[in-house]
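Asks: Mind looking over this structure? Questions follow.
2 protein chains.
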Amino acid sequence: MSAKAKKPSKAKSAEDAVLSDVRSLPCSYAHFDESTPLKLDSGQSLAPFSVAYETYGELNADKSNAILVCHALTGDQFCASDHPFTGKPGWWGLMIGPGKPVDTDKYFVICVNVMGGCMGSTGPTSEDPGTGKLYGISLPVITIGDMVRAQAMLVERLGIEQLFCVMGGSMGGMQVLDWAAKYPEQVFAAIPIATAARHSAQNIAFHEVGRQAVLADPDWNHGKYHEDGKVPRKGLSVARMAAHVTYLSEQALHRKFGRNLQDRANLTFGFDADFQIESYLRHQGSTFVDRFDANSYLYLTRAMDYFDLALEYDGVLANAFKDTSTRFCVVSFTSDWLFPTAESRDLVKALNAVAANVSFVEIETDKGHDSFLLDVPELINTITGFLRSAARRRGLEA
Amino acid sequence: MSAKAKKPSKAKSAEDAVLSDVRSLPCSYAHFDESTPLKLDSGQSLAPFSVAYETYGELNADKSNAILVCHALTGDQFCASDHPFTGKPGWWGLMIGPGKPVDTDKYFVICVNVMGGCMGSTGPTSEDPGTGKLYGISLPVITIGDMVRAQAMLVERLGIEQLFCVMGGSMGGMQVLDWAAKYPEQVFAAIPIATAARHSAQNIAFHEVGRQAVLADPDWNHGKYHEDGKVPRKGLSVARMAAHVTYLSEQALHRKFGRNLQDRANLTFGFDADFQIESYLRHQGSTFVDRFDANSYLYLTRAMDYFDLALEYDGVLANAFKDTSTRFCVVSFTSDWLFPTAESRDLVKALNAVAANVSFVEIETDKGHDSFLLDVPELINTITGFLRSAARRRGLEA
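Taken in order, these protein sequences are the chains called A and B. FYI, the numbering for the first sequence is 0 to 397, going by numbering that gives the first Met the number 0. FYI, the numbering for the second sequence is 0 to 397, going by numbering that gives the first Met the number 0.
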């Protein structure tokens with residue numbers, strides 16, 4: 000069942016990547032047919048549908064050592080193995096692997112491409128069996144709850160009754176919270192990082208800017224760009240640039256780039272990228288387009304915007320976790336202005352209100368929201384310590 | 000000399016506004032011919048050139064009561080009179096007028112459209128006398144220093160030896176600092192608000208996102224959209240949306256919009272503007288395009304990015320204000336994350352280092368960077384008090 004990371008034969012171009020049959024990706028798939036539709040929060044159903052996932056390590060005999068890792072907006076299932084398009088190492092390679100905090104010598108790690116994504120799970124680039132064409136934006140809107148529901152169906156199919164841990168940052172953290180609220184018996188421990196129980200007005204605003212940038216690109220063509228053999232490169236690139244600024248802190252930008260010039264001694268008095276920060280951002284935008292689908296970007300930003308966990312529990316967040324026996328480790332970062340510590344505190348307050356077992360760590364760092372992906376020693380230590388202690392409680396470690 | 004606000008005959012459309020002869024705007028003009036070129040920081044010269052400005056109140060006999068108001072990125076000379084395109088009241092109507100903090104019964108207020116702008120001063124929508132076509136992006140890059148140099152030429156032409164005060168917020172504040180540094184004898188008092196002596200990496204990053212959004216719009220056509228009778232509406236609109244989010248605070252967005260839905264009881268599970276914040280932003284984007292030129296947006300964001308006052312003084316900001324006798328009132332806002340208080344503190348430290356006469360007020364408000372344009376009582380009180388005290392020193396008030 001465990002899939003080893005396969006080396007990609009060759010990095011693909013954006014058009015290749017988006018237009019190719021993503022089902023040929025080097026990972027595992029679970030296909031659900033008409034008899035097991037995915038019931039969506041919108042009231043619609045999706046069938047058939049596929050879940051693409053990657054696993055690392057081995058599931059133990061009593062299936063008690065599984066850790067579900069939930070990825071963020073632009074992440075994917077390749078959390079600890081090379082990305083098949085870019086050839087780059089997994090996005091959480093610092094965290095997951097043999098001897099790492101999430102030790103694949105001990106744990107069986109599952110990482111699922113979210114529904115609505117573009118790396119094999121059913122999304123806008125999947126074929127709509129009703130029309131024989133790609134879904135594009137005719138795919139129903141997907142919510143965080145829908146993503147989690149699909150993951151739960153996979154976990155059931157894998158025969159795992161309880162996940163030892165569900166963990167993730169940002170949009171991944173939203174999935175962690177949804178898991179803990181909806182499937183409390185199936186989550187022994189939960190680690191929501193740099194996240195919130197609902198998306199703020201400011202965050203919705205930044206997402207809307209990104210969506211409008213995509214929609215403004217004539218190559219987007221009402222989401223039917225695949226039919227034209229095109230990709231709305233410029234729009235998606237601008238969306239990524241805008242988002243990327245929000246993932247970093249002002250201090251980190253100042254430290255990394257300041258007002259340094261890019262390969263030149265003086266200002267050019269033109270509109271070229273004079274400053275390093277400008278060429279860095281342009282690079283971020285253009286490489287993103289090579290690995291991500293524009294319609295997926297619309298779907299996944301929408302899913303985050305719609306997330307408001309309390310709403311499903313009479314507006315009281317604590318009700319979402321009533322009688323929970325899950326152990327929580329809530330992590331925030333001081334310089335994260337996208338998901339500031341105050342949001343984690345609100346979550347901790349709700350957990351305290353139901354006397355949940357919760358530890359809360361605010362980590363001092365100037366690396367901004369992206370800290371959960373970066374080499375932040377206190378994060379590594381926190382995850383290591385929490386998992387070790389939870390493993391003892393679960394009887395996984397002496 | 001004082002121009003009364005004239006009512007616009009009719010609000011114009013975006014294309015009308017941009018393509019019409021802006022020299023017919025209801026304001027004053029100063030034209031400088033080949034004999035008096037504007038020397039630019041880039042090393043180039045601009046001649047002929049025009050400066051469009053608006054005045055309010057009357058200049059007194061000894062010409063000692065003039066206040067120069069410097070506008071921000073998307074502002075203009077109509078600070079206290081109706082905008083000729085939109086018909087909306089002046090952008091600083093709260094601050095300037097009879098009986099207001101900047102009392103036009105006492106002071107002669109001058110407000111100049113910046114060089115590179117699109118409201119009558121020479122900018123990308125001006126005719127290049129060399130080609131007979133509009134400049135577009137063939138206009139040399141304009142800096143904050145260039146804007147101030149043109150204003151100084153106007154002030155000289157008006158026969159004013161010393162300005163009683165130079166004041167402005169954001170990009171306007173940058174001009175205030177440049178004035179105080181370059182023309183210390185001509186500035187009796189200076190009020191830089193919500194600004195900085197240099198543009199931060201994060202701010203350059205947000206500007207670059209906006210520029211790339213404009214450049215991504217095929218209607219931009221390498222800056223020659225006027226020749227096609229088009230305007231890059233979508234790109235400029237996205238740029239404005241991205242910028243607008245940065246002008247507000249997270250708290251203000253939460254208070255004003257939260258996660259409130261727009262004219263609907265439930266989420267629509269689509270990509271319409273479900274949330275009020277989304278339709279608000281879309282509206283901000285689309286109305287901006289009706290009054291602003293896309294190429295001017297490129298020039299003015301660039302001017303701000305290039306601003307680094309210390310650089311012209313051996314990297315030591317204090318040197319910019321050596322031996323100054325100008326009285327400074329530095330104002331920042333607690334919730335302004337674009338020009339945070341720390342930037343104002345750096346400025347105040349530099350002023351203190353040269354024993355300048357400086358008062359510094361950090362105003363507690365949740366309204367973000369835009370606070371300087373909004374009804375913030377402590378700002379009104381601060382400006383009123385500072386101007387009154389400075390006026391007494393200048394012998395303008397008993």
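Where is the CB? At the ideal position from N, CA and C, for every residue including glycine.
Hey, out of A:A193, A:H282, A:C164, whose CA is closest to S388 (chain A)'s CA?
Replies: Nearest of A:A193, A:H282, A:C164 to S388 (chain A), Cα basis: A:C164.
Asks: Mind checking which residues open and close the beta strand (DSSP E) that includes V165 (chain B)?
Replies: Per DSSP, V165 (chain B) belongs to the beta strand (DSSP E) from 162-168.
Asks: Determine, for M240 (chain A), whether the minimum Cβ-Cβ distance to residues of chain B falls below 7 Å.
Replies: Output row for M240 (chain A): interface = yes.
Asks: Apart from the five residues on each side of it in sequence, which residues of its chain come closer than 6 Å, Cβ to Cβ, to K366 (chain B)?
Replies: Counting only Cβ-Cβ distances below 6 Å, and skipping sequence neighbours, we find A251, L373.
Asks: Could you tell me the distance, in whole angstroms, from the CA atom of D20 (chain A) to the CA atom of D102 (chain A)?
Replies: With a pLDDT of only 49 at D20 (chain A), under the threshold of 50, the placement of this residue in the model should not be trusted; the figure read from the coordinates follows. About 32 Å.
Asks: Taking Cβ positions only, does A60 (chain A) come closer than 7 Å to chain B?
Replies: No, because no Cβ of chain B sits closer than 7 Å to the Cβ of A60 (chain A).
Asks: Tell me which residue opens and which closes the alpha helix (DSSP H) that C205 (chain A) is part of.
Replies: It should be noted that the sequence gives Phe, not Cys, for residue 205 (chain A). Note, F205 (chain A): alpha helix (DSSP H), 200-215.
Asks: Which residue or residues does DSSP assign as beta-bridge partners of G96 (chain A)?
Replies: G96 (chain A) is bridged to A:D102.
Asks: Can you name the residues that DSSP bridges to C69 (chain A)?
Replies: C69 (chain A) pairs with A:G167.
Asks: Could you check what DSSP says for H431 (chain B) in three-state terms: helix, strand or coil?
Replies: Given that chain B is displayed from residue 0 to residue 397, the structure contains no residue 431 (chain B) and the question cannot be resolved.
Asks: Relative to the C-alpha of S120 (chain A), which candidate in A:K87, A:C26, A:W91 has its C-alpha closest?
Replies: The residue with the shortest Cα to Cα distance from S120 (chain A) is A:C26.
Asks: Distance, Cα to Cα, F205 (chain A) vs V237 (chain A)?
Replies: Near 12 Å, if we compare the C-alpha coordinates of V237 (chain A) and F205 (chain A).
Asks: Between the Cα of H221 (chain B) and the Cα atoms of B:Q283, B:L138, B:G86, B:E277, which residue gives the shortest distance?
Replies: Per the Cα distances, B:L138.
Asks: Using the Cβ count rule (16 or more neighbours within 10 Å means buried), how would you classify V330 (chain A)?
Replies: V330 (chain A) comes out buried.
Asks: Would you mind working out which of A:A241, A:E361, A:L214, A:L316 sits nearest F270 (chain B), comparing C-alpha positions?
Replies: That would be A:L214, whose Cα lies nearest to the Cα of F270 (chain B).
Asks: If you draw a straight line from the C-alpha of G116 (chain A) to the C-alpha of S295 (chain A), how long is it?
Replies: Each residue's Cα considered, the two are about 5 Å apart.
Asks: Using a Cβ-Cβ distance under 7 Å, would G257 (chain A) count as near chain B?
Replies: Closer than 7 Å: yes.
Asks: Let's test the definition: count the other Cβ atoms within 10 Å of the Cβ of V315 (chain B) and tell me whether it reaches 16, buried, or not, exposed.
Replies: V315 (chain B) is exposed by the Cβ-count criterion.
Asks: Do the region 197-211 of chain B and the region 297-304 of chain B meet, that is, are 3 or more Cβ pairs less than 8 Å apart?
Replies: A contact exists between the region 197-211 of chain B and the region 297-304 of chain B.
Asks: Does the beta carbon of H253 (chain B) come closer than 7 Å to any beta carbon on chain A?
Replies: Interface residue, yes.
Asks: Between T194 (chain A) and C110 (chain A), what straight-line distance do the alpha-carbon atoms span, to the nearest angstrom?
Replies: So the two alpha carbons sit approximately 18 Å from each other.
Asks: Give the residues from the region 315-328 of chain A that approach chain B closer than 7 Å (Cβ to any Cβ), ordered along the chain.
Replies: Per Cβ criterion, the list is empty.
Asks: Kindly indicate if chain B contains any beta-carbon less than 7 Å away from that of K233 (chain A).
Replies: Answer yes: the Cβ-Cβ gap between K233 (chain A) and chain B drops below 7 Å somewhere.
Asks: What is the rounded straight-line gap between the Cα of K5 (chain B) and the Cα of A51 (chain B)?
Replies: Here the model assigns K5 (chain B) a pLDDT of 40, short of 50, so the residue's position is not dependable, and the following value carries that caveat. So the two alpha carbons sit approximately 15 Å from each other.
Asks: Name the chain B residues whose beta carbon is nearer than 9 Å to that of Y305 (chain A)?
Replies: What Y305 (chain A) touches in chain B: L266, F268, D273.
Asks: Mind listing the chain B neighbours of A180 (chain A)? Cutoff is C-beta to C-beta under 7 Å, in chain order.
Replies: Here the premise fails: no neighbours, minimum Cβ distance about 18 Å.
Asks: Measuring only between beta-carbons, confirm whether S41 (chain B) sits less than 7 Å from chain A.
Replies: Answer yes: the Cβ-Cβ gap between S41 (chain B) and chain A drops below 7 Å somewhere.
Asks: Is there at least one Cβ from chain A nearer than 7 Å to Q150 (chain B)'s Cβ?
Replies: Cβ-Cβ to chain A under 7 Å: no for Q150 (chain B).
Asks: Give me the subset of the region 176-208 of chain B whose CB atoms are less than 8 Å from a CB atom of chain A, sorted by chain position.
Replies: Residues passing the 8 Å Cβ filter: R197, H198, S199, A200, Q201, I203, A204, F205, E207, V208.
Asks: Could you please give the first and the last residue of the uninterrupted alpha helix (DSSP H) stretch that includes S278 (chain A)?
Replies: Residues 275-288.
Asks: Using a Cβ-Cβ cut-off of 7 Å, state whether I141 (chain B) counts as contacting chain A.
Replies: No, I141 (chain B) does not count as interfacial toward chain A.
Asks: Taking a contact to mean a Cβ-Cβ separation below 7 Å, would you say A200 (chain B) touches F256 (chain A) in this structure?
Replies: Going by C-beta atoms, A200 (chain B) is nearer than 7 Å to F256 (chain A).
Asks: Could you check whether the region 86-99 of chain A touches the region 123-136 of chain A, counting it as contact only if at least three pairs of C-beta atoms, one from each stretch, sit closer than 8 Å?
Replies: As far as the Cβ criterion goes, the region 86-99 of chain A does not touch the region 123-136 of chain A, which means the pair count is below three.
Asks: If we cut at 7 Å on Cβ distances, does E363 (chain A) have a partner in chain B?
Replies: No - not a single Cβ of chain B is within 7 Å of the one on E363 (chain A).
Asks: Specify, as a first and last residue, the run of the beta strand (DSSP E) that G356 (chain A) falls within.
Replies: With the sequence shown as reference, residue 356 (chain A) is identified as Asn, and Gly is not the correct amino acid for it. Element bounds for N356 (chain A): 356-362.
Asks: Using the three-state DSSP reduction, which class does I159 (chain A) fall into: helix, strand or coil?
Replies: Coil, per DSSP.
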